[in-house]
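Under this note's numbering, residue 419 is the last one in the sequence shown; the count climbs by one each step, no gaps.
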Amino acid sequence: MVGPGSFSFAVRKRLEARHGRSGVISTPHGDIATPAFIPVGTKATVKAVLPETMKEIGAQALLANAYHLYLQPGSDIVDEAGGLGKFMNWPGPTFTDSGGFQVMSLGVGFKKVLAMEAVDVRSDDVIAKGKERLATVDDDGVTFRSHLDGSKHRFTPEVSMGIQHQLGADIMFAFDELTTLLNTRGYQEKSLQRTHEWAQRCLDEHERLTAARTHRPYQALFGVIQGAQYEDLRRKACRGLESLRGSAGTGFDGYGIGGALEKHNLGTIVGWCSDELPEDKPRHMLGISEPEDIFTAVENGADTFDCVNPSRVARNAAIYVAEGRFNINTSRFRRDFTPIDETCDCYTCANYTRAYLHHLFKAKEILAATLCTIHNERYTIRLVDRIRESIEGGYFDEHKAETLGRWKGRVPAP
Ligand SMILES: [Zn+2]
6 MVGPGSFSFA VRKRLEARHG RSGVISTPHG DIATPAFIPV GTKATVKAVL
56 PETMKEIGAQ ALLANAYHLY LQPGSDIVDE AGGLGKFMNW PGPTFTDSGG
106 FQVMSLGVGF KKVLAMEAVD VRSDDVIAKG KERLATVDDD GVTFRSHLDG
156 SKHRFTPEVS MGIQHQLGAD IMFAFDELTT LLNTRGYQEK SLQRTHEWAQ
206 RCLDEHERLT AARTHRPYQA LFGVIQGAQY EDLRRKACRG LESLRGSAGT
256 GFDGYGIGGA LEKHNLGTIV GWCSDELPED KPRHMLGISE PEDIFTAVEN
306 GADTFDCVNP SRVARNAAIY VAEGRFNINT SRFRRDFTPI DETCDCYTCA
356 NYTRAYLHHL FKAKEILAAT LCTIHNERYT IRLVDRIRES IEGGYFDEHK
406 AETLGRWKGR VPAP
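Structure (C-alpha cells):
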C-alpha cells in the first residue's frame with residue numbers, strides 16, 4: 006500500500022534482467038492494468054469522442070490539463086460539479102498534469118517566440134528578436150499570460166496543488182519547471198534545485214489539502230523527474246524526490262518522468278530513473294505515443310503514458326496502422342472501400358470504409374474527427390495492452406521484434 010486511502014500499486018510480472026514490468030494501479034475510481042496508455046482529454050473531453058466510447062475502446066483512465074481547466078471553466082466550477090470525473094461523465098480513474106508545461110510553453114507562446122536559429126546553440130535566452138517573453142519563472146513560481154485573453158496569472162506549487170485538488174483527479178503531478186534541451190548545463194542544475202524545492206512545497210500543500218478535504222476520495226501525488234539528458238542530474242532528482250516527506254510524513258505516491266529528452270536517449274533516461282526509484286511506486290512517462298518509444302519506455306520501466314497525438318493527428322487525417330502512419334485524405338483512397346485497418350476491432354473499422362473517411366475529410370464534416378480519433382485511440386490503447394499481455398505471457402521480446410518489424414517496414418496500406 007502506497008499513500009493513504011485507496012491508492013496502491015502492485016507489480017505483477019517483471020521482464021528478465023530489465024526494469025520493465027506489468028502491474029496494477031488501484032485508485033478510488035478503479036484499477037489500471039499497466040503498462041497502460043492514458044488518452045488525453047485536455048479540457049475535460051477527448052475531442053470529438055463520447056466518454057462511453059472511450060470506455061468501449063478500452064481506455065482505463067483519462068488525463069486532463071490543469072492549466073486549461075483553471076482558465077476555463079475554472080477549477081472551482083469543476084470542484085462544485087463533484088470533480089473532473091463527474092463533471093465529464095467519466096466514472097473511471099483520472100489524471101491531471103500540473104499545468105507547469107503549459108504555463109511555460111503553450112500559455113506563453115513559447116514555440117512562437119522561440120528564436121529558431123538558436124536551435125543548435127545552448128543558451129538560456131532564446132527568445133526571438135522583437136518578441137515578448139510571456140512567462141517569467143522565479144524561485145517562487147511562474148507569472149504568465151493566458152493564451153485565451155492575455156490576462157495575467159501566477160502559478161506557484163501551492164496554486165497548482167489547489168487547482169488539482171479542486172479538479173479532484175485520482176493522480177496529480179507536482180508543479181515543476183520545464184527546461185528545454187537548449188538550456189545550458191548550469192541552468193539545468195539551477196532548475197533542478199528549484200523543482201526539488203517546489204516538490205517539497207507541493208507535498209506540504211497536498212498534505213494540508215488532503216486533511217482539509219476529507220469529503221473527497223484520496224488523490225495520489227506524483228513527483229516529476231527532470232534533469233534533461235544528464236545522468237547525474239536525473240539520478241540526483243530521483244533520489245532527492247524520493248527522500249522528501251511532508252510534515253505529516255507523506256511522500257510521493259509515484260513519479261512522472263518529464264522534461265527535455267531526445268528520442269534516442271529515451272530508454273537510457275527511463276532506465277536511470279528506474280534504477281533509482283522504488284519498485285513499488287508507478288512511473289508515468291509524459292507525452293509519448295509512437296510504438297518504438299512505447300516499447301523502449303516499457304522495457305526500461307515506465308508503467309503509464311499519456312499523449313495527445315493519437316487524437317490530434319486524427320483530426321488532421323493521419324491514421325495509425327500496424328505498418329505505420331498514412332493520410333486518409335490523399336486521393337488514392339477516393340475509391341478504396343476497405344476498412345482503415347482489416348485487423349482493427351474498433352467501431353470505425355467495423356462499419357466504415359477508407360473512401361467514406363476520405364470523403365468526410367474532403368467535405369470538412371466533423372464526423373471525420375470522431376471516426377478517426379476512435380481508431381487512433383483504439384490503436385494506441387491496444388498497442389500498449391498487447392505489450393502488457395506479452396510481458397505477462399513471457400513473450401515480450403518476440404512481440405517487440407514482430408511489432409516494430411512491421412512498423413519500421415513502413416508499408417502503408419495499398
Ligand atoms: Zn480501427
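Ideal Cβ placement from N, Cα and C applies to all residues, glycine included.
Tell me whether residue i is buried or exposed, calling it buried when 16 or more other Cβ atoms sit within 10 Å of its Cβ.
i    : result
A140 : buried
Q77  : exposed
G173 : buried
Y400 : exposed
A368 : exposed
R391 : exposed
G272 : buried
P96  : exposed
E3   : Nothing about residue 3 can be reported from this structure: the residues present for the chain run from 6 to 419 only.
G167 : buried
V124 : The predicted model places V124 with a pLDDT of 45, which falls under 50 and marks its position as unreliable, so this point remains unresolved.
N381 : buried
S156 : exposed
G245 : buried
N188 : buried
E182 : buried
E122 : With a pLDDT of only 44 at E122, under 50, the local geometry of the prediction cannot be trusted, and the value read off the model is given with reservation. Exposed.
G112 : Note that G112 scores a pLDDT of 45, beneath 50, so its modelled location is shaky; the value from the coordinates is reported in the next line. Answer is buried; the Cβ neighbour count reaches 16.
V416 : Only weak support is given to the placement of V416: the predicted model assigns it a pLDDT of 48, under 50, and the value that follows is read from those uncertain coordinates. Label assigned to V416: exposed.
I82  : exposed
L365 : buried
G276 : buried
A242 : buried
F393 : For clarity, residue 393 is Arg in the given sequence; the question names Phe instead. Buried, because 16 or more other Cβ atoms sit within 10 Å of the Cβ of R393.
R206 : buried
R340 : exposed
A64  : buried
F115 : Note that F115 scores a pLDDT of 47, beneath 50, so its modelled location is shaky; the value from the coordinates is reported in the next line. The residue is buried, with at least 16 neighbouring Cβ atoms inside 10 Å.
R190 : exposed
L153 : exposed
A355 : exposed
A406 : exposed
For a quick check, are the C-beta atoms of residue i and residue j less than 8 Å apart?
i    : j    : result
F149 : V229 : no
G259 : P287 : yes
G28  : V16  : yes
V54  : T378 : yes
L282 : I274 : no
A66  : P33  : no
L238 : G232 : yes
A49  : M93  : yes
L362 : I333 : yes
G292 : C312 : yes
G414 : E328 : yes
H289 : G261 : yes
I371 : I345 : no
H170 : Q234 : no
T309 : T47  : no
T161 : D145 : yes
K147 : R159 : Per the sequence presented here, residue 147 reads as Val, with Lys not at that position. Result yes, Cβ atoms of V147 and R159 sit closer than 8 Å.
T184 : S196 : yes
A360 : F331 : no
P315 : T408 : no
I think residue i touches residue j, with their Cβ atoms under 8 Å apart; what is that distance to the nearest whole Å?
i    : j    : result
R383 : I43  : Not confirmed; about 14 Å, so no contact.
T343 : T358 : 6 Å
K52  : A374 : 7 Å
V45  : L68  : 5 Å
Secondary structure, alpha helix (DSSP H): runs of 4+ residues fully inside the stretch 70 to 119: 71 to 76, 80 to 85, 89 to 92, 105 to 109 and 115 to 118
4-residue-minimum alpha helix (DSSP H) runs that sit fully inside the stretch 251 to 333, ordered along the chain: 271 to 281, 296 to 304 and 314 to 319
contact_flag[the stretch 286 to 301, the stretch 341 to 358] where n(CB pairs < 8 Å) is 3 or more: no
Meets three-Cβ-pair contact criterion under 8 Å: the stretch 92 to 109 and the stretch 66 to 80: yes
Touch test, the stretch 234 to 251 against the stretch 203 to 219, Cβ-Cβ under 8 Å, three pairs minimum: yes
Unbroken stretches of the beta strand (DSSP E), 3 residues or longer, contained in the stretch 178 to 229: none
Unbroken stretches of the alpha helix (DSSP H), 4 residues or longer, contained in the stretch 22 to 69: 56 to 61
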